[in-house]
Every structure is written in C-alpha cells, then in structure tokens.
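J.:
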Amino acid sequence: MLNKTLNISTSPHITRGIGTDDIMQNVVWALLPTAIFAVYSFGLSALMVLAATVA
Numbered sequence: 003m004l005n006k007t008l009n010i011s012t013s014p015h016i017t018r019g020i021g022t023d024d025i026m027q028n029v030v031w032a033l034l035p036t037a038i039f040a041v042y043s044f045g046l047s048a049l050m051v052l053a054a055t056v057a
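Quick note: this note's numbering has the sequence shown finishing at residue 57, numbered continuously throughout.
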C-alpha cells in the first residue's frame, strides 16, 4: 500500500477585492447583447419572457 501524506490547503481561487455585486454587474453586461439580439429576432414575446424572468 502506498503511504502518501494528505496535504490540506485552501482552494486555488484567485482572491481579489471584488464582491458579488461587481460579479453580477459583469454578468448583466455580458448578457445584454444577447438580450438585445433576442428582442430584435423574436420581438415582443422575447421581451415579455425577459421581463417575467427578471421580475
């Protein structure tokens, strides 16, 4: 049997001074072109779906 030691440490995520509100603002900015194109392509029904999911 192999005798290996278990190294327990924190996860390797990048830690910056960025909060959840900043991350969600970036998500909104990233999804905005898609939402605009959906309303352009599918019309008022896509706008109603967006309004229902955001509300």
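Cβ atoms here follow ideal geometry from the backbone N, Cα and C, with glycine treated the same way.
Could you give the DSSP three-state label for Asn9: helix, strand or coil?
T.: coil
J.: Less than 8 Å between the beta carbons of Val56 and Ala48, yes or no?
T.: no
J.: State yes or no: is the C-beta of Leu52 within less than 8 Å of the C-beta of Ala32?
T.: no
J.: State the Cα-Cα distance for the pair Ile13 and Pro35, rounded to the nearest angstrom.
T.: It is Ser, not Ile, that sits at residue 13 in the sequence shown. Going by the C-alpha atoms only, they are around 33 Å apart.
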